[in-house]
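Notes to accompany the following structure.
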Amino acid sequence: MAKRKINGIFLLDKPEGITSSTALVKTRAIFKAQKGGHTGALDPQASGLLPICLGEAAKFSSFFLEGKKRYLAEGTLGKTTTTCDREGEVVIEREIGDAMERLEATLGQFVGTIVQVPPIYSAVKVNGKPLYKYARQGREDEVEIPQRTVEIYELKLLERTATTFKVEVFCSKGTYIRTLISDIGEALDCGAYVSHLRRVYVEGLPQGQMTTLEQLQHLADSRENRMDFTALDSLLIPIESALGNLPVVELPRELAEPLSHGMKVRLSNAENKAELKLPEPFPELNSLVQVQYHGLFLGVCYFSDPNLLVPKRMMDPDVMAQRLVQEQAAG
């Protein structure tokens, strides 16, 4: 069966034990999608929300991944590993002592603006190469890992046992939960590593709509007509819904058409002023807006001055062209 040209975002509940790339391949195969990419990759041992961007959606992933994220993380005390998670080799073992009694107070030290050093086994690039490649080649001493400043908005203790604790973390983009748990362990003088990690929220994306690979496959297998993708496609989030934090500018055809081809447009050139709808209050110059034509999402733009709309990232011009053909056919 030929691959389909579809656009949208699928909220996959990635299982533990597979890479984000493998999850993407499986998802694309079920949807029979021509193009696709994942955003905000999860470690293989992590589970939870992995946005799969099909078709044109991949162009806009950076705009909805800039937001805050929420995780559930379990830390195991008393051991430090090479990867800061359960997959790594144990390099130090220490007595837990009274760490559990001091845990709640220690967590408070990590709320707010903090500085992190990402783990050597991470995808952070130094000199164009991911850190994990230096680690696998035994060249850790040859690279200086850059620090990063992140924000921890909430850090709630959910439960604890004699050796483990579970926290809910609400944080800024770029936060390494493995590093956070490891740093908490060091503050407790006994070390810690991530034994389980689950992402449950990405700002801008709807909550509570994740679907597992098993559920998706079951839905695909239960179709009477294998050419009918209606049920599967109903799970896709429109790109504009993931960009709901951006103000919407509605344009008439005479502006929308050239804009869809990447051209700057002047609002004063609008012949049909009634169809030109601007957000209130008017957005700040150079801030991002999403642009639509009769409800059709065309892309993300910005105003370089109050009269000039400049494309930032646009859908394929065929999207606009197909709409115009439909309107012409409808009379």
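Per the numbering used here, the very first residue in the sequence shown carries number 165; after that it's consecutive. Glycine is no exception: its CB is placed at the ideal position from the N, C-alpha and C atoms. Keep in mind it's a predicted model, so treat the numbers as computed, not measured.
Task: Assigned exposure category for V489 - 16 Cβ within 10 Å defines buried - done: Reading the sequence shown from its first residue, position 325 is the one you call residue 489. Exposed, because fewer than 16 other Cβ atoms sit within 10 Å of the Cβ of V489.
TODO: Tell me whether P475 sits in a helix, a strand or coil according to DSSP, three-state version.
DONE: Reading the sequence shown from its first residue, position 311 is the one you call residue 475. Three-state DSSP puts P475 in a strand.
Task: V189: first and last residue of the uninterrupted alpha helix (DSSP H) it sits in - done: Position 25 of the sequence shown, counted from the first residue, corresponds to residue 189. Counting along the chain, the alpha helix (DSSP H) containing V189 begins and ends at S184 to F195.
TODO: Sort Q456, G261 and Q379 by Cα distance to V412 and report the nearest one.
DONE: As a working mapping, residue 412 is identified with position 248 in the sequence shown. When each option's Cα is compared against that of V412, the closest is Q456.
TODO: Name the residue from V483, P481, Q486 and V453 whose alpha carbon lies nearest to the alpha carbon of L472.
DONE: Position 308 of the sequence shown holds residue 472. Residue V453 is the option with its Cα nearest to L472.
Task: DSSP three-state assignment for D469, whether helix, strand or coil - done: Looking up residue 469 in the sequence shown gives position 305. DSSP, read as helix, strand or coil, puts D469 in strand.
- [ ] Determine, using beta-carbon pairs with one atom in the stretch 257-264 and one in the stretch 335-347, whether at least three such pairs fall under 8 Å.
- [x] By the Cβ criterion, the stretch 257-264 is not in contact with the stretch 335-347, since fewer than three pairs of Cβ atoms, one from each stretch, lie closer than 8 Å.
Task: Euclidean distance between Cα positions of R387 and L377 - done: For the purposes of this step, residue 387 is identified with residue 223 of the sequence shown, where counting begins at 1. For the purposes of this step, residue 377 is identified with residue 213 of the sequence shown, where counting begins at 1. Their backbone Cα atoms lie some 16 Å apart in a straight line.
TODO: Can you say whether G276 is buried or exposed, counting buried as having 16 or more other CB atoms within 10 angstroms of its CB?
DONE: Position 112 of the sequence shown holds residue 276. By the neighbour-count rule (16 or more Cβ atoms within 10 Å), G276 is not buried but exposed.
Task: Where A187 falls, given that 16 or more other Cβ within 10 Å makes a residue buried - done: Along the sequence shown, read from residue 1 onward, the residue named residue 187 stands at position 23. Taking every protein chain shown into account, the CB of A187 has 16 or more other CB atoms within 10 angstroms, so this residue is buried.
- [ ] Note down the Cα distance separating E439 from V464, rounded to an integer number of angstroms.
- [x] Translated into the one-based positions of the sequence shown, residue 439 becomes position 275. Translated into the one-based positions of the sequence shown, residue 464 becomes position 300. Going by the C-alpha atoms only, they are around 19 Å apart.
Task: Distance, A197 Cα to L423 Cα - done: Along the sequence shown, read from residue 1 onward, the residue named residue 423 stands at position 259. Along the sequence shown, read from residue 1 onward, the residue named residue 197 stands at position 33. Computed Cα separation, rounded: 27 Å.
- [ ] Inspect the beta-carbon positions of K233 and R363 and report whether they are closer than 8 Å.
- [x] As a position in the sequence shown, residue 233 is number 69, starting the count at 1. As a position in the sequence shown, residue 363 is number 199, starting the count at 1. Yes; because the gap between Cβ atoms is below 8 Å, this pair is in contact.
- [ ] With a cut-off of 8 Å on the beta carbons, I'd call G172 and V366 a contact; round off their distance for me.
- [x] Numbered from 1 along the sequence shown, position 8 holds the residue referred to as residue 172. Numbered from 1 along the sequence shown, position 202 holds the residue referred to as residue 366. G172 to V366, Cβ: 16 Å. No contact.
Open item on the list: DSSP has R168 in a bridge; who is on the other side?
Closed with: For this step, residue 168 is matched to residue 4 along the sequence shown. R168 pairs with A197.
Open item on the list: Taking 8 Å as the threshold (C-beta atoms), are C335 and I316 in contact?
Closed with: Mapped onto the sequence shown, residue 316 falls at position 152. Mapped onto the sequence shown, residue 335 falls at position 171. Yes, Cβ-Cβ distance for I316 and C335 is below 8 Å.
Task: Reference T240, options L460, S346, P283 and N433, closest by Cα - done: The count along the sequence shown starts at 1 and reaches residue 240 at position 76. Looking from the CA of T240, the closest CA among L460, S346, P283 and N433 belongs to S346.
- [ ] Could you tell me the distance, in whole angstroms, from the CA atom of S184 to the CA atom of E265?
- [x] In the sequence shown, the residue the question calls residue 184 occupies position 20. In the sequence shown, the residue the question calls residue 265 occupies position 101. Distance between the alpha carbons of S184 and E265: 37 Å.
TODO: Kindly indicate which residue of G368, A351 and P416 has the alpha-carbon position closest to the one of A269.
DONE: One-based indexing of the sequence shown puts residue 269 at position 105. Nearest of G368, A351 and P416 to A269, Cα basis: A351.
Open item on the list: Taking 8 Å as the limit between beta carbons, can you name the residues of its chain near D249, skipping five residues before and five after?
Closed with: Sequence index remark: in the sequence shown, residue 249 carries index 85 (1-based). Around D249: D207, Q209, R342, Y357, V358, S359 and L361.
- [ ] Could you tell me which of M391, M427, L369 and E414 sits nearest to F446, measuring between CA atoms?
- [x] As a position in the sequence shown, residue 446 is number 282, starting the count at 1. Taking only the C-alpha atoms, the option nearest F446 is E414.
Open item on the list: So, under 8 Å CB-CB, V279 and T325 are touching, yes? Tell me the CB distance rounded to an integer number of Å.
Closed with: By one-based count along the sequence shown, residue 279 stands at place 115. By one-based count along the sequence shown, residue 325 stands at place 161. That pair is no contact at about 30 Å.
Open item on the list: Can you tell me whether M391 is buried or exposed? The criterion is at least 16 other CB atoms within 10 Å of its CB, across all chains shown.
Closed with: Start at 1 with the first residue of the sequence shown, and residue 391 comes out as number 227. With fewer than 16 other Cβ atoms inside 10 Å of its own Cβ, M391 counts as exposed.
- [ ] Provide the residue span of the beta strand (DSSP E) that contains P215, from first to last.
- [x] Residue numbering aside, residue 215 sits at position 51 when the sequence shown is read from its first letter. Bounds of the beta strand (DSSP E) holding P215 are S211 to L218.
Task: Pair within 8 Å by beta-carbon distance, K330 and L214 - done: Taking the sequence shown and counting its residues from 1, one reaches residue 330 at position 166. Taking the sequence shown and counting its residues from 1, one reaches residue 214 at position 50. No; because the gap between Cβ atoms is not below 8 Å, this pair is not in contact.
TODO: Go to H382, then tell me how far its alpha helix (DSSP H) extends in each direction, as first and last residue.
DONE: The count along the sequence shown starts at 1 and reaches residue 382 at position 218. Secondary structure note for H382: its alpha helix (DSSP H) is the uninterrupted segment L377 to D385.
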